[in-house]
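Heads up: the sequence shown begins at 11 in our numbering, then just goes up one per residue. Backbone N, C-alpha and C fix where the C-beta goes; we use that ideal spot for every residue, glycine too. Presented below is the structure to which this report refers.
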Amino acid sequence: MSVALLSAAAVALDALLGEPRRWHPLVAFGRFADRIEQRFNAGGRGWRSHGVTAWVIAVVPLTLLATALSWAPMVGWLVEILALYCALGLRSLGEHVEPVARALRSGDLEQARQRVGYLVSRETAELDETAVARAATESVLENGSDAVFAALFWFAVAGAPGVVLYRLSNTLDAMWGYRNERFERFGWAAAKIDDVLNYIPARLVALTYALLGKTRLALKCWRTQGPTWDSPNAGPVMAAGAGALGVELGGAAVYHGELHQRPPLGEGVAASADSIDRGWQLVQRGVWLWLLILCLGAEFYA
């Protein structure tokens, strides 16, 4: 079965079922990663070498298992579909961002703050309507890249082993990749490996956003604003996405009690419930475009 058909099947499964409500593999992996971190980074005393060892123990055996299962006769194709399905978060992303837009439209700012707090790590209790919309729009653009497009990319490149390797690495970055006293050294490997794995997908996503929106503005924002962002991958994605939508993102945000003056992203109108909806639609259209490209590629090489 071709990569295009397998990818379409996994996307359809995600649209139909969403994330597994019980026994999600990534939840079990998160518990496993916590135990590994407690073993190799007790009291935050782990070094970079400990972080590398912990990453290998957490990721490599499961990637090899995915490889063996995907090669199994008769059921290998099913393993491929399930691996990508478990790695995708398209429907879940919509289920998280759409309530924020609805709450803003109904004038329920407290509900909007609570809902956006499920999406972002910044403090949301004091955000006004524009700041809530800005946070949600940024989240849909960035999470679209991490939780959807990068998974599709690595599945197209290396099938089930590729998507398992990527998703586990991305999860470890979310758990260990912090620049604080506890994880500064230990989480270095997880953060750097995730940066490497996301480098090409992030730029393809930025190009996708540009092609499906205000192309010239998106390319300009990508070129001039993307490099100013701390993250080498989130910067291009969110700058291009903000330009594609013609909306202003970035700016000041409070994380863990500290005010961070982030560079501006995009250009145009202030963020609103409308920009959240248009960002979500941009991600959905991008998925259809990627599936179309995979289908055309499959036909070309057939």
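Mind checking which residues open and close the beta strand (DSSP E) that includes P211? P211 -> not in any beta strand (DSSP E); alpha helix (DSSP H) instead, spanning 198 to 222.
How far does the alpha helix (DSSP H) with V150 in it extend, from its first residue to its last? 139 to 154
Counting pairs of Cβ atoms below 8 Å between the region 147 to 162 and the region 209 to 229, do you hit three or more? yes
Does L217 come within less than 8 Å of chain D when only Cβ atoms are used? Looking at the structure shown, chain D is missing, and only one protein chain is on hand.
Beta carbon of L114, beta carbon of E139: below 8 Å? yes
State the beta-bridge partners of R272 as determined by DSSP. G261
By the DSSP assignment, the alpha helix (DSSP H) with T77 in it spans what residues? 58 to 80
From this set, Q124, K224, R144, which residue's C-alpha is nearest A250's C-alpha? K224
A22 by DSSP, collapsed to three states: which one? helix
Opening and closing residue of the alpha helix (DSSP H) in which N180 lies: 160 to 186
Quick one: what's got a C-beta closer than 6 Å to E133's C-beta in the same chain, skipping five residues either side? V264
Helix, strand or coil: how does DSSP classify V85 here? coil
Helix, strand or coil for V279? Go by DSSP, reduced to three states. strand
Tell me whether the beta-carbon of A161 lies closer than 8 Å to the beta-carbon of V150. no
Cβ neighbours of V142 in the same chain (closer than 8 Å, five flanking residues each side left out): V110, L114, L119, A122, R123, V126, T134
First through last residue of the alpha helix (DSSP H) which encompasses L229: 225 to 235
If distances are taken between C-alpha atoms only, which option among G197, R49, T147 comes closest to L259? T147
Which same chain residues end up closer than 7 Å to A212 when comparing Cβ atoms and leaving out the 5 residues on each side of it in sequence? S155, N243, P246, V247
Is the beta carbon of L195 less than 8 Å from the beta carbon of R58? Leu is not the amino acid found at residue 195; the sequence shown has Arg there. Against a cut-off of 8 Å, the Cβ pair of R58 and R195 comes out as a contact.
Measure the C-alpha to C-alpha separation of G296 and P171 and round it to an integer number of angstroms. 24 Å
Nearest to E191 by CA position, among E108, S17, G56, A200, is which residue? G56
Our contact map puts A281 next to R144 with C-beta atoms below 8 Å; I'd like the distance itself, whole angstroms only. 4 Å
For the region 197 to 210 and the region 228 to 236, state whether three or more C-beta atom pairs, one from each stretch, are separated by less than 8 Å. no
With a threshold of 7 Å on Cβ separation, who are the neighbours of S102 within its own chain once the five nearest residues in sequence on each side are excluded? G28, E29
Start-to-end residues for the alpha helix (DSSP H) that takes in G320: Here the chain covers residues 11 to 312 and nothing more, so residue 320 does not appear.
Can you give me the start and stop residues for the alpha helix (DSSP H) that H106 sits inside? 100 to 115
Locate the alpha helix (DSSP H) running through D44, then write down its first and last residues. 35 to 50
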